[in-house]
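Each remark here refers to the structure printed beneath this line.
Numbering (our numbering), first residue to last: 1376 to 1646.
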């Protein structure tokens, strides 16, 4: 049976993937479909591919639709209201942690080494907050070397996207191609979309196989790393202390909105 409910799930994941600092993998955890997503990507290349296609196709339609529709909106929000927008996603990220700790059964299964892995994951992602890029404008006059860079940027970014807590968009920002990719999507530049899209597909396939192996063989350790990555992403997306009473109020409200969105999604999606 086709899982058409995945269209709206994919739209939420696609919206998050446009935002530097927010991971589509994190949203998949909020939605309670992360394990199923990894299984479906790997299962698509087996004889049961039709079953997994019924899960992946609606999800993919949602992701692509969301990216195409929301790229300009996200750009506008970050240009005009960067602080409140980041506080919303900050609330969303923090709101996913209770679901992750429950799913990992931290209280009963985590030992000292798992907390060490968690700490390493958190420090790894949090350190990304110190990376800077001089990118200001989209690249012009694209050459063969530029297309190669965009392909491998998509590959690396999508490898990050599949991991909760690591933002593929932030990886693009660090590499210096974020505005080129987002601008290409919002302006429907099909050469950029095709090259980056191909890199994304290859990256997701490769990384999903790695994640599946570790989830199956080192479950608690993998969840410890994932929780650490999510915690670390809080430091990456935190926009700083708001300036002025009005901005404080708006930021607190958007932060609470993010927490509420995570809680509502958890109530709807988790069984």
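Using N, Cα and C, we set each Cβ at its ideal position, and we do this for glycine too.
Keep in mind that this is a model prediction, so the values were computed, not measured.
Can you give the Cα-Cα distance for residue i and residue j, rounded to whole angstroms?
i: residue 1627; j: residue 1427; result: 40 Å
i: residue 1587; j: residue 1613; result: 30 Å
i: residue 1575; j: residue 1379; result: 23 Å
i: residue 1477; j: residue 1407; result: 12 Å
i: residue 1594; j: residue 1538; result: 14 Å
i: residue 1448; j: residue 1485; result: 41 Å
i: residue 1635; j: residue 1458; result: 18 Å
i: residue 1431; j: residue 1413; result: 10 Å
i: residue 1638; j: residue 1583; result: 27 Å
i: residue 1597; j: residue 1589; result: 6 Å
i: residue 1579; j: residue 1625; result: 36 Å
Taking residue i as the reference, which of the options has the closest Cα?
i: residue 1411; options: 1634, 1566, 1398, 1429; result: 1429
i: residue 1562; options: 1377, 1469, 1530, 1444; result: 1444
i: residue 1611; options: 1437, 1403, 1499, 1621; result: 1499
i: residue 1385; options: 1424, 1438, 1423, 1603; result: 1438
i: residue 1647; options: 1425, 1403, 1392, 1519; result: As displayed, the chain neither begins before 1376 nor continues past 1646, which places residue 1647 out of reach and without an answer.
Secondary structure at residue i, three-state DSSP: helix, strand or coil?
i: residue 1380; result: coil
i: residue 1593; result: coil
i: residue 1514; result: coil
i: residue 1401; result: helix
i: residue 1466; result: helix
i: residue 1459; result: helix
i: residue 1542; result: coil
i: residue 1480; result: coil
i: residue 1471; result: helix
i: residue 1423; result: coil
i: residue 1444; result: helix
i: residue 1438; result: helix
i: residue 1406; result: coil
Which residues bound the alpha helix (DSSP H) around residue i?
i: residue 1536; result: 1519 to 1536
i: residue 1498; result: 1487 to 1501
i: residue 1555; result: 1553 to 1561
i: residue 1410; result: 1409 to 1418
The ligand MG and residue i: does the residue's C-beta get closer than 7 Å to at least one heavy atom of that ligand?
i: residue 1412; result: Annotation note on the ligand MG: not contained in the displayed structure, which lists no ligands.
Of all Cβ atoms in chain B, is any one closer than 8 Å to the Cβ of residue i?
i: residue 1492; result: Considering every chain present, this structure includes no chain B. It has just one protein chain.
Query - Segments assigned alpha helix (DSSP H), at least 4 residues, entirely inside the segment 1564 to 1631 - result: 1565 to 1592, 1594 to 1612
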